[in-house]
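Residues 110 to 512 (this note's numbering) are what the sequence shown spells out, left to right.
Ideal placement from N, C-alpha and C gives every residue a C-beta, glycine not left out.
The block underneath contains the structure these notes are about, expressed in structure tokens.
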Amino acid sequence: MKHYAKHVTWIVVFMMMMTMFAASTPAYAFSVNDLLGSSSGMSGGGGLLDIIIGLLLGNILGKSADIPEGTNNTTTFPTGTTTKNNKELVGFYAEWWGSDTSSFTSMSKHTDIIKTIAPFWATLQENGTVSDRGGDNHAGVVEFAHENDISVLLLVNNEKQKNGNIPIHTILNNPALRTKAITSMEAYIKKYNLDGINIDFEMVPPEDRDNLSAFMKELYGRLKPQGYTVSIDVFPKQDESNDVAAAYDYAALAKYADKIMVMTYDNHGMWSGAGPIADINWVENNLKYALKYIPKNKLYLGIAGYGYDWSARGVESLEYAPLTALAEKHNATIKWDDTAKSPYFYYTDEAGVAHEVWFENSESLKHKLDLVNQYDIAGAALWKLGEEDPGYWRVFKDKQFKK
């Protein structure tokens with residue numbers, strides 16, 4: 110603290126000088142925008158005095174924003190602000206067949222916690238149109254959500270393969286098709302009176318990195334002026350060497366999205382050997398990397414509600430309820446990996462085949478939400494409503510997730 114005294118002295122002297130100056134001169138409306146210019150999507154304000162004092166105090170406290178690699182070292186990246194005691198939960202909403210009402214049931218029970226849902230209702234086709242996946246009572250879901258102060262963002266995913274082609278590459282690489290896709294999405298949003306969009310483009314080729322950013326810029330430019338929320342789901346990464354996540358330019362996307370959901374799950378999955386769905390150390394490392402480029406008030410941590418069952422026969426994805434029923438059926442002991450902060454168990458089926466199961470539960474959720482609060486990001490995004498441990502909702506309340 111001994112080096113701070115001179116900085117405090119300068120602040121006091123400066124304030125006294127400004128007070129005397131103000132008393133002897135006409136008032137002058139000097140704002141942050143006069144210094145920096147307007148910034149779309151950002152709110153703020155304050156006078157020159159606030160700025161200078163803030164800079165001096167920032168020097169005193171030694172606080173600075175992370176600077177993304179490759180940027181000019183005189184430019185800081187916006188960190189954003191959040192409210193520590195009011196985190197937002199986004200619930201991904203998906204019901205896979207006509208009689209499946211699991212997502213609606215979960216939403217209807219927890220309207221005091223869920224602020225936003227992203228229904229998986231649309232798929233972007235290779236010709237640039239959005240097709241309705243069918244099922245669900247779209248209008249009824251939207252009406253119920255709005256009656257309970259829940260925003261609804263249309264989740265649009267992409268076809269991964271079609272006739273040997275990668276449809277998303279065809280669209281992103283063609284400005285005319287990008288415009289057609291945006292127009293189709295806009296029409297869908299207006300048809301069902303939705304509040305915005307959630308782009309869930311996955312397995313995007315790395316060479317489409319700039320094209321994806323261009324698409325989001327164009328989408329944001331179309332929807333944001335109309336008051337719609339624009340969001341995107343991105344694969345997690347800890348550096349730029351991960352090909353499967355290379356198409357997501359975090360810094361560029363942060364300019365053209367109100368919410369960015371980092372899908373911090375599937376640390377192990379269908380393509381790998383058995384292991385944690387979301388090892389807490391892996392999750393934290395991905396979160397720290399994202400925070401270098403994405404303002405924390407736009408960042409949401411992906412939360413899984415499911416697990417995987419590995420055996421010599423393959424890998425099966427299971428929701429929490431059938432997964433725990435399986436453990437009970439085979440009298441399996443649920444164990445805890447304290448390093449990964451993750452539950453797992455072993456069992457042998459009726460055919461004598463050995464299985465290893467890893468999943469997420471309310472105990473593992475606590476550690477994920479501790480990261481949300483520790484790093485003070487905007488909130489969390491749950492995949493998906495209806496397949497989670499019922500104990501999740503107590504944890505969300507305990508960790509200050511509320512409207």
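Comparing C-alpha positions only, which one of the options sits nearest to residue i?
i, options, result
"ASP458", "GLY244, ASN302, ASN440", "ASN440"
"GLY207", "MET312, GLY243, ILE223, ASP221", "GLY243"
"ARG287", "LYS300, VAL250, LYS326", "LYS326"
"VAL343", "LYS218, MET216, THR373, TYR329", "THR373"
"ASN283", "GLU496, LEU262, ASP319", "ASP319"
"GLY190", "ILE403, PHE213, GLU295, ASP317", "Looking at the sequence itself, residue 190 is Thr, so the reference to Gly does not match. Looking at the Cα atoms, ILE403 is the closest of the given residues."
"ASP367", "GLY500, TRP391, THR338, MET379", "THR338"
"ASN246", "LYS508, TYR301, LEU262", "TYR301"
"GLY273", "LEU435, VAL250, VAL261, GLU235", "GLU235"
"VAL466", "ALA489, ASP507, VAL424", "VAL424"
"ASN351", "ALA360, PRO314, GLY378", "PRO314"
"GLY488", "GLY411, LEU432, TYR415", "GLY411"
"ALA355", "TRP380, MET370, GLY378, LEU321", "LEU321"
"TYR415", "TYR453, TRP230, TRP391", "TYR453"
"GLU497", "ASP209, TYR417, TYR429", "TYR429"
"HIS219", "LEU198, GLU204, ILE308", "LEU198"
"THR448", "ALA203, LEU432, GLY384, GLN270", "GLY384"
Can you give me the Cβ contacts of residue i inside the same chain, cut-off strictly under 6 Å, excluding the 5 residues immediately before and after it?
i, result
"ILE486", "LYS405, LEU408"
"GLY200", "ILE223, ILE226, LEU491, LEU494"
"GLU469", "ILE386, ALA413"
"LYS289", "GLY237"
"LYS450", "ILE389, SER473, HIS476"
"TYR456", "HIS439, ALA441, HIS464"
"PRO135", "Here PRO135 scores only 34 on pLDDT, less than 50, and its place in the model is too uncertain to base an answer on."
"SER240", "THR232, GLN234"
"ASN182", "Model confidence at ASN182 stands at a pLDDT of 34, short of 50, so the residue's coordinates are unreliable; what they give is reported in the following sentence. There are no such residues."
Taking the beta strand (DSSP E) that residue i belongs to, which residues open and close that run?
i, result
"MET370", "368-371"
"ASP446", "444-446"
"SER240", "239-241"
"ALA441", "Run containing ALA441: none; DSSP gives neither H nor E here."
"ALA490", "488-492"
"VAL199", "197-202"
What residue range is occupied by the uninterrupted alpha helix (DSSP H) comprising residue i?
i, result
"PRO228", "It is not in any alpha helix (DSSP H) - PRO228 instead sits in the beta strand (DSSP E) that spans 223-233."
"PRO276", "276-281"
"HIS247", "247-256"
"THR220", "No alpha helix (DSSP H) contains THR220, which DSSP labels as neither H nor E."
"VAL466", "Run containing VAL466: none in the alpha helix (DSSP H); it sits in the beta strand (DSSP E), 463-468."
"TYR455", "Taken as a continuous stretch (DSSP letters only), TYR455 belongs to no alpha helix (DSSP H), being part of the beta strand (DSSP E) at 451-457."
"LEU480", "471-483"
"GLU327", "318-332"
Return the chain-ordered list of same chain residues with a C-beta closer than 8 Å to the C-beta of residue i, the five sequence neighbours on each side being excluded.
i, result
"GLU393", "LEU480"
"VAL353", "MET312, PHE344"
"ASP348", "TYR398"
Where does residue i sit, in a helix, a strand or coil, going by DSSP?
i, result
"GLU393", "helix"
"TRP502", "helix"
"PHE344", "coil"
"GLU497", "coil"
"GLU311", "coil"
"GLY150", "With a pLDDT of 34 at GLY150, under the threshold of 50, the predicted position of this residue should be treated as unreliable, and no value is reported."
"ALA285", "helix"
"THR134", "For THR134, the predicted model reports a pLDDT of 35, less than 50, meaning its position is unreliable; a value from the coordinates is still stated below. Here THR134 sits in coil by DSSP."
"ALA413", "strand"
"LEU400", "coil"
"ALA387", "coil"
Return yes when the C-beta of residue i is under 7 Å from any heavy atom of the ligand NAP, and no when it is not.
i, result
"PRO345", "Ligands in the displayed structure: none, and consequently the ligand NAP is not present."
In chain order, what residues of the same chain lie with their CB nearer than 7 Å to the CB of residue i, ignoring the 5 residues before and after it?
i, result
"VAL504", "SER471, LEU474, LYS475, LEU478"
"LEU170", "Because LEU170 sits at a pLDDT of 34, beneath the cut-off of 50, its placement in the model cannot be relied upon, and the point is left open."
"ARG331", "ILE291, GLU295"
To which residues does DSSP link residue i through a beta bridge?
i, result
"LYS269", "According to DSSP, LYS269 bridges with nothing at all."
"GLY305", "LEU262, THR338"
"PRO431", "Answer by DSSP bridge pairing: none, since PRO431 is not bridged."
"ASP418", "GLU425, VAL466"
"PHE510", "LYS196"
"LEU362", "According to DSSP, LEU362 bridges with nothing at all."
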